[in-house]
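If you read the sequence shown in numbering that gives the first Met the number 0, its first letter stands for residue 0, the second for the next number, and so on. Beta carbons are placed, not taken as given, at the ideal position from N, Cα and C, and that holds for glycine. Working notes, beginning with the structure itself.
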Amino acid sequence: MDKQGCYRHLIRVPYAHVDQMKFVYYANYLVYFEMARTGMLRDSGTPYSVLEERGVLLPVMAAHCEYRQPAHYEDLLAVDVDFPPFKGVRFRLNYKVWRVESGTDPQPADEDLLVEGYTEHVCMSPGGKVLRPDPAFVQLVRH
0 MDKQGCYRHL IRVPYAHVDQ MKFVYYANYL VYFEMARTGM LRDSGTPYSV LEERGVLLPV
60 MAAHCEYRQP AHYEDLLAVD VDFPPFKGVR FRLNYKVWRV ESGTDPQPAD EDLLVEGYTE
120 HVCMSPGGKV LRPDPAFVQL VRH
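The structure is reproduced here in structure tokens:
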């Protein structure tokens, strides 16, 4: 968890994730959201694979990204995940992607906000039935 109570996942940008302009290709931020989301589950003690074994899937129903600045090869990024309160069966995870270390500038700088976004999910059975989130699951991702 970071200082604001969010889960923080670190990612070093690989060369394969940048485009011809030397920017991280825009769709890769959704991959970074997924890496942070599954990292949050794993670090909380219940990897996504365990949820699947229990018959709970978490499909993405909606995704949104707002791009502020590009990330580059070798940048160290921090993806913060926030799980706000929700009602019903659909829940949302909010993400902020920060550059915490530049791959080209050896001098440490303040963190730069690069991307903000969210994903919306439901709990679903392998057969496609929407499930109410188990209170244990909600507690799991909130801690």
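**Q.** Distance CB(V12)-CB(D81) smaller than 7 Å
**A.** As a first step, residue 12 must be located in the sequence shown, where it is residue number 13. As a first step, residue 81 must be located in the sequence shown, where it is residue number 82. Not in contact: V12 and D81 (Cβ atoms no closer than 7 Å).
(Q) Can you tell me where the alpha helix (DSSP H) holding V30 begins and where it ends? (A) As a first step, residue 30 must be located in the sequence shown, where it is residue number 31. That run of the alpha helix (DSSP H) goes N27 to D42.
Q. Does the beta-carbon distance from V129 to M123 come in below 7 Å?
A. Within the sequence shown, numbered from 1, the residue matching residue 129 stands at position 130. Within the sequence shown, numbered from 1, the residue matching residue 123 stands at position 124. Yes, they are a contact pair.
Q) In the DSSP assignment, what residue or residues form a beta bridge with K86? A) Locating residue 86 in the sequence shown gives position 87, where the first residue counts as 1. Paired residues: none, contrary to the question.
Q) What is the rounded straight-line gap between the Cα of F32 and the Cα of Y94? A) If you number the sequence shown from 1, residue 32 lands on position 33. If you number the sequence shown from 1, residue 94 lands on position 95. Using only the alpha carbons, I get a separation of about 7 Å.
Q. Just reading off the beta strand (DSSP E) that Y24 is part of, what are its end residues?
A. Here residue 24 refers to the residue found at position 25 of the sequence shown. Unbroken run through Y24: none, as it is neither H nor E.
(Q) Quick test of your reading: R36 and M60, contact by CB under 8 Å. State the CB separation rounded to the nearest angstrom. (A) To locate residue 36, count along the sequence shown from 1; it is residue 37. To locate residue 60, count along the sequence shown from 1; it is residue 61. Wrong, their Cβ atoms sit about 14 Å apart, outside the cutoff.
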